[in-house]
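In what follows, a structure is listed as structure tokens, so that the remarks can point back to it.
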Amino acid sequence: MSDTRDATTWVVIGASGFVGSRIVADARSRGITIVELAAPRLEAVPASVAAARTAAAGAVDVVDELAAAFRGAGVVVNAAGLATPDAEMSASLVGANAVLPLVALAAARRSGAKRFVHLSSAAVQGPVPVLDESTRTMPFSPYSQSKAWGEQLLVEARAEGAPVDVTEVVVVRATSVQGPGRPTTDRLRRLASSPLASVASPGDAPTPVTCVAALAEFVTAVGTFDEIVPAVVLQPWEGLTVSSVLEAAGGRSPRRLPRLLCRFVVASARVVSRLIGGRLAGPIRRVELMWFGQGQTSGWAESVGIRPTPAVADLLRGGDA
């Protein structure tokens with residue numbers, strides 16, 4: 083049978099979304115033909131990764147429909163999902179972030195796609211001091227748990243499919259992505275210009291804040307890379323610190339607070355959050371990131387010379403990156 087897959091034709095699921103639309107634009111600017119596809123709505127019992135796996139196995143009709151839409155494409159990018167950090171655990175959250183990735187992979191395999199790229203989140207690793215490209219996860223919220231389940235299912239599927247599976251599975255961990263018109267970015271600018279803008283002394287800790295343009299550029303580089311890509315790759319760092327992010331977004335230097343005081347506040351808040359069912363996990367994590375940032379390994383991208391254009395500082399100052 084002749085190979086009808088075209089490496090210059092991609093399908094992007096969730097193409098109209100915040101990240102998906104930028105991936106579409108970046109890929110098209112590099113001569114790639116894009117088929118835009120809306121994400122099917124899926125649900126699963128919000129109980130465990132096993133429940134998500136079972137739901138995916140039962141979505142036979144959806145796999146059939148997606149496989150027909152993927153036919154002829156060399157790369158499938160799943161940019162769909164529910165990016166709701168403060169959401170409660172629900173059937174729709176698990177369906178979008180854990181079930182859909184596995185269903186889409188099954189369809190990509192059925193259609194014979196060369197590579198399947200899934201957009202995940204560095205939130206799956208939680209409060210680790212340094213983000214990396216290991217499969218270790220430490221979810222701290224329903225959102226990060228649902229994304230971690232999605233990753234787990236895909237990494238398992240990649241291992242089970244090797245070496246006979248023709249579809250290479252790649253999980254891209256996006257970091258703290260900002261962009262024009264994004265509510266998260268608007269909130270960051272308001273915070274940075276308020277009296278609450280502060281960092282843990284001395285304020286030079288790295289932060290994984292980045293921009294959607296750099297993420298789109300990275301995804302295009304991953305999709306077009308002509309050698310094997312690891313199962314999990316981390317979006318490259320844009321070089322900002324906790325202080326420089328707030329300075330760019332707010333136009334002034336943040337207050338520097340005693341480090342031990344910041345640690346005490348975060349630890350105390352986590353105790354309170356656990357007592358009320360973890361409902362404060364998201365806001366606490368955002369404060370922790372503002373104060374302490376989070377490092378990240380240089381990773382695969384640097385090892386192969388992939389360096390997306392840094393643009394988040396200009397974006398936060400009011401640019402349109």
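When we follow the numbering used here, the leftmost residue of the sequence shown carries the number 83, and every step to the right adds one.
Glycine is no exception: its CB is placed at the ideal position from the N, C-alpha and C atoms.
Is the Cβ of E147 closer than 7 angstroms to any Cβ of chain B? Any reference to chain B falls outside this structure, which holds one protein chain only.
Name the residue from V251, A133, M171 and G177 whose alpha carbon lies nearest to the alpha carbon of G359. Within the sequence shown, the letter at position 277 stands for residue 359. With respect to the C-alpha of G359, the residue from V251, A133, M171 and G177 having the closest C-alpha is M171.
Take every Cβ of the segment 200-212, pair it with every Cβ of the segment 144-157, and state whether three or more of those distances are shorter than 8 angstroms. Three or more Cβ pairs closer than 8 angstroms define a contact, and the segment 200-212 falls short of that threshold against the segment 144-157.
Exposure of V386, with buried meaning 16 or more beta-carbon neighbours within 10 Å: Residue 386 sits at position 304 when you count from the first residue of the sequence shown. V386 comes out exposed.
By Cβ distance, which residues of its chain are closer than 6 angstroms to A138, with the 5 residues on each side in sequence left out? Taking the first residue of the sequence shown as position 1, residue 138 is located at position 56. Cβ neighbours of A138 beyond the five flanking positions: V181, L184 and V185.
Just tell me which of A89, G99 and V106 has its CA closest to the CA of V301. Against the sequence shown, residue 301 aligns to sequence position 219. The candidate whose alpha carbon is nearest that of V301 is V106.
Is the Cβ-Cβ distance between A121 and V127 less than 7 angstroms? Residue 121 sits at position 39 when you count from the first residue of the sequence shown. Residue 127 sits at position 45 when you count from the first residue of the sequence shown. No, these two residues do not count as a Cβ contact at 7 angstroms.
Looking only at its own chain, which residues have a Cβ that is under 6 angstroms from the Cβ of V93, when we skip the five neighbours before and after it? In the sequence shown, residue 93 corresponds to position 11, counting from 1. Taking C-beta separations shorter than 6 angstroms and ignoring five residues to either side along the sequence, the partners of V93 in its chain run V117, L119, F152, A155 and V158, following chain order.
First and last residue of the alpha helix (DSSP H) that includes T136? For this step, residue 136 is matched to residue 54 along the sequence shown. For T136, the uninterrupted alpha helix (DSSP H) segment begins and ends at V131 to A139.
With a threshold of 8 angstroms, are at least 3 pairs of Cβ atoms found where one atom belongs to the segment 321-334 and the other to the segment 274-286? Enough Cβ pairs lie closer than 8 angstroms, so yes.
Here's a check: name, in chain order, each residue in its chain whose Cβ is nearer than 7 angstroms to the Cβ of R112, leaving out the five neighbours to either side. One-based indexing of the sequence shown puts residue 112 at position 30. Only residues of its own chain outside the window of five on either side were considered, and among them T302 have a CB closer than 7 angstroms to the CB of R112, listed in chain order.
Can you say whether S84 is buried or exposed, counting buried as having 16 or more other CB atoms within 10 angstroms of its CB? Counted from its first residue, the sequence shown places residue 84 at position 2. Any reading at S84 must be qualified, since the residue scores a pLDDT of 41, below 50, and its modelled position is unreliable; the value itself is stated next. By the 10 Å Cβ count, S84 comes out exposed.
Restricting to Cα atoms, I'd like to know which of A295, V210, A150 and G381 is closest to T391. Sequence index remark: in the sequence shown, residue 391 carries index 309 (1-based). Answer by Cα proximity: A295.
Simplified DSSP assignment, three categories, for L362: Translated into the one-based positions of the sequence shown, residue 362 becomes position 280. In the displayed model, L362 falls within coil according to three-state DSSP, outside both helix and strand.
W373: which of R399, L328 and A97 sits nearest, CA to CA? In the sequence shown, the residue the question calls residue 373 occupies position 291. The shortest C-alpha separation from W373 is found at L328.
Three-state class that DSSP yields for G377 in the structure shown: In the sequence shown, the residue the question calls residue 377 occupies position 295. Correct three-state label for G377: strand.
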